[in-house]
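Note that the sequence shown covers residues 1 to 194 in UniProt numbering.
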Amino acid sequence: MLLPLLLLLSAAVEGRVIELTRSNWYARTQGHTWYVMFYQQGCKHCQRMKPMWEAVADSLATSPVKVGKIDCSAHNGVARTFGIDKFPYVLLFDADGAVYEYTGKRGLPPLLSFAQGGFHQQEPMMQTPAELLDDVSEWYLLALVLWKPIALSLGVASGLALCLKGGALLLLRLLQPKQVAKTKKPESSETKMD
């Protein structure tokens with residue numbers, strides 16, 4: 001009898017923010033409105049937002065909006081599904097499947113205003129997809145992040161090399177001594193008289 005009471009109390013102490021995972025995502029979120037913070041382990045901005053997110057959950061405890069968080073270090077497929085590449089990131093998932101991006105300031109009043117109906121003032125960014133993308137290795141994510149700058153650098157370097165090659169050839173042509181056509185003086189058929 002004491003154990004269930006202790007478990008209930010420990011859950012209350014931890015806060016009202018529900019930890020979501022890739023495996024429980026649809027079971028938890030379908031048919032309900034969820035306000036979700038996507039975070040990464042070791043992210044200083046995420047750590048600073050954690051107490052505020054707990055306050056959001058406490059303030060919305062009696063509303064139909066459920067407050068959750070998902071660790072994208074462990075469940076990057078969920079983040080990739082919604083195109084999230086910066087953290088912390090906040091999305092609101094309407095019970096009808098519409099996904100709204102929170103773009104306001106990080107403060108309790110604007111976060112609460114958005115969750116309590118402010119999200120209806122904007123168009124949804126997407127509908128919740130039927131399936132989540134699979135989680136991938138950190139090496140894949142690193143390659144994905146670095147690919148654009150590397151490709152851009154290679155493109156710029158190739159363009160620069162072509163310009164330098166073309167410029168060098170032009171410079172060589174300009175610096176070459178001009179070939180003057182040597183012409184013989186035509187010999188006159190007239191003879192000189194002395």
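By construction, the Cβ of each residue, glycine as well, lies at the ideal position given by its N, Cα and C atoms. Just so we're clear, the structure is a prediction, and the values are computed from it rather than from any experiment.
query                                                                                                                                     : result
What's the call for LEU68, buried or exposed, on a 16-neighbour Cβ count within 10 Å?                                                     : Note on residue identity: the sequence assigns Gly, not Leu, to residue 68. Buried, since its Cβ has 16 or more Cβ neighbours within 10 Å.
Going straight from the alpha carbon of LEU152 to that of ALA161, what length do you get?                                                 : 14 Å
Tell me, which residues are paired with GLN47 by DSSP?                                                                                    : BP columns for GLN47 are empty, so no partner.
Quick check on the DSSP output: the beta strand (DSSP E) that includes PHE82 runs from which residue to which?                            : Looking at the DSSP string, PHE82 is not in any beta strand (DSSP E), and its letter there is neither H nor E.
Less than 7 Å between the beta carbons of VAL78 and LEU132, yes or no?                                                                    : yes
Out of curiosity, what's the CA-to-CA distance linking LYS44 and SER158?                                                                  : 38 Å
I need the DSSP call for ALA161, collapsed to helix, strand or coil.                                                                      : helix
Give the range of the beta strand (DSSP E) segment to which LEU92 is assigned.                                                            : 89-93
Between ALA57 and the rest of its own chain, which residues show a CB-CB distance below 7 Å, the 5 nearest in sequence each way excluded? : GLY15, ARG16, VAL17, VAL67
Just to confirm before moving on: does the CB-CB distance between ILE70 and LEU111 stay below 7 Å?                                        : no
I need the straight-line Cα distance from LEU91 to LEU170, nearest angstrom please.                                                       : 56 Å
Taking DSSP as the reference, what is the three-state secondary structure of LEU9?                                                        : Unreliable placement is indicated for LEU9, whose pLDDT of 40 sits below 50; no coordinate value is reported for it.
For TYR39, which of helix, strand or coil comes out of DSSP?                                                                              : strand
Between ALA74 and GLU101, what straight-line distance do the alpha-carbon atoms span, to the nearest angstrom?                            : 22 Å
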